[in-house]
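Here's the structure, in structure tokens; my notes come after.
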């Protein structure tokens with residue numbers, strides 16, 4: 151799972167950088183959308199990790 155997080159962080163940063171470098175506004179929007187989707191995956195994966203670390207006491 152750590153490898154997934156590293157990958158998603160890297161891809162999000164790459165897409166953000168590509169958006170910043172894009173000259174065309176539509177291309178910029180596509181890269182920003184991809185960066186947002188990778189960020190969502192990071193959030194989801196972090197939530198999954200947190201749920202797995204919770205212990206219920208009965």
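Numbering (the working numbering), first residue to last: 151 to 208. Quick reminder that beta carbons are idealized off the backbone N, C-alpha and C, glycines included.
- Judged by DSSP in its simplified three-state form, residue 172 adopts coil rather than helix or strand.
- If you keep only unbroken beta strand (DSSP E) runs of at least 3 residues inside the segment 175-200, you get nothing at all.
- Judged by their CB atoms, residue 188 and residue 165 are nearer to each other than the 8 Å cut-off.
- The Cβ-Cβ distance between residue 168 and residue 181 falls below 8 Å.
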